[in-house]
Amino acid sequence: MGERTEIRLSGSGGQGLILAGIILAEAAILDGKNAVQSQSYGPEARGGASRAEVIISDSPIDYPKVMQPDILLTLTEEAFVKYKDNIKSNGIIIIDSSIRKSEPPVKIVSLPIIETANKSVGKVIVANIVSLGALIAVTKIVSKKSIEEAVMDRVPKGTEELNRKALYAGFELGEFQQKQYKNK
Amino acid sequence: MNSKAILMQGNEACVEGAIAAGMRFYAGYPITPSTEIAELSAEKLPKVGGKFIQMEDEIASMGAVIGASLAGLKAMTATSGPGFSLKQENIGFACLTEVPCVIVNVQRGGPSTGLPTLPAQGDVMQARWGTHGDHPIIVVSPSYVKEVYELTIRAFNLSEKYRVPCILLMDEVVAHMREKVELPDPSSIKIINRKKPDPTIKEYEPYKDCDGDGIPPMANFGEGIPFHVTGLIHDITGFPSTSATVTEALITRLMKKIYDNLDDILDYESIFTNDADTVIISFGSTARSVMRAVQIMRREGQKIGMLRLKTIWPFAHRAIQELSSQVKNLIVAEMNFGQLVEMVKASAEGRFYVAGINKFNGELIAPNEIISRTREVRSRA
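For the protein sequence lines, the chains are A and B, in the order given.
Positions 54 to 237 (the working numbering) are the ones given, in order, by the first sequence.
Positions 33 to 413 (the working numbering) are the ones given, in order, by the second sequence.
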């Protein structure tokens, strides 16, 4: 992954992607790495495009924004269309399976993230945590142990089990996909 | 606070630093992108025996901060954009009455309500000259979350030491980003408290320079030593005067207590300047883009250095003047139409070619923009 890995999480406001970014950065710190998390948002609290950025590095991080992501996660078609072309040539895009793929510029992994959150886990609001599980299973950017610890530290009291279930469902989604990819 | 590495937001580090420095009073009117400072102060101050007040507006907030400081508490307010404009009159009052206080301005796009959620560095000149008349002020600007913590403490220390308002000039990027920090052990932090008069003093002259350092000892209101505080020009008793001698002596002392102590107040970082032909000057989050750009250009063998100002005001003329003669170009990178660059030009006195990299569209200057502008400046005929 090189010394500096740039990750962009994008979707619509209210999907919890900024929290997912914070959790991912905290997991990287638990792994002993440097991390910076930032976000861009408009005046609205929900709806509208939302973007969280995380940079993970073994060395100190100077420029704090993503220049060209190594990893792009998108949960909405709007975000996919907006960001799909700005990605490193060896980068990877993880998208929700509800998004219609167009002209994949790089490797695209399409996973039923929102459906899994909704049906298997039982609450669509944990799509952000399912996303994190899937992203980590596919990219191994942080350890599973650290992400679990970071999720448990950040989610509201009383929702730990729901979120753990969501994280594991995400791991499974990503790992299943990786196996299939290797078998091809 | 243990020394474990944690992910912390810039605004959060500001509150942690303020409390570590001894802040026990906060008055403010929340405004994006500084709101987390008010939120966290409201949560944390009562736990350390402090007070938080949300006032009706920024003008009253600044007034409350001055009142609390006169009563002996270390006080802070935080604001942004239009709120910083509203505070200016009372900041001037604090400058003339020599009331220590810290004002945080998280810069956002302006003018007016401008771009509330987006970064800018357009208040450089306002931080120095936003309030009217000749007055001293100290302005510090952090680039990293850890540095937000350190410079907030420093802002309180300088403010207490010199009895002057100190402005922590942040920008939206450094205020809202989260990054890995390890906070120091509180017992290792140097805290400075204002000088107080001898409590048995018979006749307290509140504005008398009794120690010869230009900084009169300051009594706390409510502790039995009453004195008069006015925004009018005043003599050593604190009462108004229109005497030319008194006026000249007061303004001179106010300026000298700052400008005679530049060794203590100025703070800047020079990186790769020894053999550089071009030095890029910046501050705040822009300095991080410059750092990236400089490292990329150094890897290509180009002789580029950088100068990062942590104290913005007083301006560090000496940092420019002490640059060696092999430096040909100075480039000032700032998220505004060109403000600090004018000070650099004044310092350069024609010795260096001075150019700017300016961006004022709500986006952080990117490293590649710095690289291409640097190339342009170095290859000019």
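Built from N, CA and C at the ideal position, the CB exists for glycine as well.
Source: prediction; values computed, not measured.
Can you tell me whether residue i is helix, strand or coil according to DSSP?
| i | result |
| --- | --- |
| Arg-383 of chain B | coil |
| Tyr-234 of chain A | helix |
| Arg-57 of chain A | strand |
| Glu-75 of chain B | helix |
| Glu-252 of chain B | The amino acid occupying residue 252 of chain B in the given sequence is Asn; Glu does not appear at that position. Note: Asn-252 of chain B maps to coil in three-state DSSP. |
| Arg-410 of chain B | helix |
| Pro-222 of chain A | What sits at residue 222 of chain A in the sequence shown is Ala, not Pro. Note: Ala-222 of chain A maps to helix in three-state DSSP. |
| Val-80 of chain B | helix |
| Val-47 of chain B | helix |
| Glu-280 of chain B | helix |
| Pro-272 of chain B | strand |
| Leu-372 of chain B | helix |
| Thr-127 of chain A | strand |
| Ile-185 of chain B | helix |
| Ala-95 of chain B | Before going further, note that residue 95 of chain B is Gly rather than Ala in the sequence given. Helix, per DSSP. |
| Ser-239 of chain A | There is no way to answer for residue 239 of chain A, as the model of chain A reaches only from 54 to 237. |
Tell me, please, whether the CB atom of residue i is closer than 8 Å to any CB atom in chain B?
| i | result |
| --- | --- |
| Val-89 of chain A | yes |
| Gln-230 of chain A | no |
| Met-54 of chain A | Because Met-54 of chain A carries a pLDDT of 42, less than 50, the predicted location of this residue cannot be relied on, and the following value inherits that uncertainty. Taking Cβ atoms only, chain B never reaches closer than 8 Å to Met-54 of chain A, which makes this a no. |
| Gln-233 of chain A | no |
| Glu-225 of chain A | no |
In the DSSP output, which residue or residues are listed as bridge partners for residue i?
| i | result |
| --- | --- |
| Gln-92 of chain A | A:Ala-105 |
| Ile-242 of chain B | Residue identity check: residue 242 of chain B is Cys in the sequence provided, not Ile. Paired residue(s): none; Cys-242 of chain B is not in a bridge. |
| Gly-141 of chain B | B:Leu-147 |
| Leu-164 of chain A | A:Asp-149 |
| Leu-200 of chain B | B:Val-136 and B:Val-172 |
| Tyr-300 of chain B | B:Leu-341 |
| Glu-401 of chain B | Paired residues: none, contrary to the question. |
| Ile-363 of chain B | B:Ile-312 and B:Ala-387 |
| Ala-110 of chain B | B:Val-136 |
| Arg-210 of chain B | A:Gln-90 and B:Gln-41 |
| Ala-59 of chain B | B:Ile-85 |
Taking the alpha-carbon of residue i as reference, which of the options has the nearest alpha-carbon?
| i | options | result |
| --- | --- | --- |
| Glu-202 of chain A | A:Ser-65, A:Ile-82 and A:Gly-66 | A:Ile-82 |
| Thr-163 of chain B | B:Val-386, B:Phe-347, B:Gly-154 and B:Pro-197 | B:Pro-197 |
| Thr-310 of chain B | B:Leu-298, B:Glu-401 and B:Met-329 | B:Met-329 |
| Ile-403 of chain B | B:Lys-212, B:Ile-268, B:Ala-276 and B:Gly-388 | B:Gly-388 |
| Asn-400 of chain B | B:Arg-324, B:Asn-368 and B:Val-97 | B:Arg-324 |
| Asn-137 of chain B | B:Asn-189, B:Ala-103 and B:Ala-152 | B:Ala-152 |
| Gly-85 of chain A | B:Ile-69, B:Pro-65 and B:Leu-39 | B:Leu-39 |
| Gly-54 of chain B | B:Lys-222, B:Asp-155, B:Asp-295 and B:Pro-231 | B:Lys-222 |
| Ser-142 of chain A | A:Lys-160, A:Ile-148, A:Leu-185 and A:Ser-150 | A:Lys-160 |
| Arg-373 of chain B | B:Val-156, B:Ala-92, B:Thr-64 and B:Gly-124 | At residue 373 of chain B the sequence reads Val, which differs from the Arg that was named. Nearest option by C-alpha distance: B:Val-156. |
| Val-261 of chain B | B:Glu-237, B:Thr-279, B:Glu-408 and B:Asp-241 | B:Glu-237 |
| Asp-299 of chain B | B:Val-172, B:Arg-226 and B:Met-250 | B:Val-172 |
Mind checking if residue i is an interface residue toward chain A, Cβ cutoff 8 Å exclusive?
| i | result |
| --- | --- |
| Arg-331 of chain B | no |
| Lys-212 of chain B | yes |
| Arg-420 of chain B | This structure leaves residue 420 of chain B out entirely; chain B is present only between 33 and 413. |
| Val-47 of chain B | no |
| Ser-317 of chain B | yes |
| His-208 of chain B | yes |
| Ser-404 of chain B | no |
| Arg-320 of chain B | yes |
| Ala-398 of chain B | yes |
| Met-33 of chain B | Low local confidence applies: a pLDDT of 40 at Met-33 of chain B is under 50, so the model's placement there is unreliable, with the coordinate-based value given in what follows. No, no contact with chain A. |
| Met-287 of chain B | no |
| Val-205 of chain B | yes |
| Leu-264 of chain B | no |
| Met-202 of chain B | no |
| Arg-140 of chain B | no |
| Ala-348 of chain B | no |
| Ala-37 of chain B | yes |
| Met-250 of chain B | no |
| Met-40 of chain B | no |
Nearer than 7 Å: is that true of the beta carbon of residue i relative to any heavy atom of the ligand PLP?
| i | result |
| --- | --- |
| Val-134 of chain A | The ligand PLP is absent from the structure shown, which contains no ligand whatsoever. |
Against chain B, which members of the region 112-143 of chain A pass a CB distance test of less than 8 Å? Here the close residues are Ile-114, Asp-115, Tyr-116, Pro-117, Lys-118 and Met-120.
Quick one, which residues of the region 194-207 of chain A are near chain B if we go by CB-CB under 8 Å, in chain order? Hits within the stretch: zero.
Note down, in chain order, all residues in the region 57-88 of chain A with a beta-carbon under 7 Å from any beta-carbon belonging to chain B. Listed in sequence order: Ile-75, Ala-78, Glu-79, Ile-82, Asn-87 and Ala-88.
Scan the region 333-344 of chain B for residues whose Cβ lies nearer than 8 Å to a Cβ of chain A and list them as they occur along the chain. Within the region 333-344 of chain B, no residue has a Cβ that lies closer than 8 Å to any Cβ of chain A.
Near-chain A residues of the region 359-385 of chain B (beta-carbon distance less than 7 Å), N- to C-terminal order: Identification of residues in the region 359-385 of chain B having a C-beta nearer than 7 Å to some C-beta of chain A yields an empty set.
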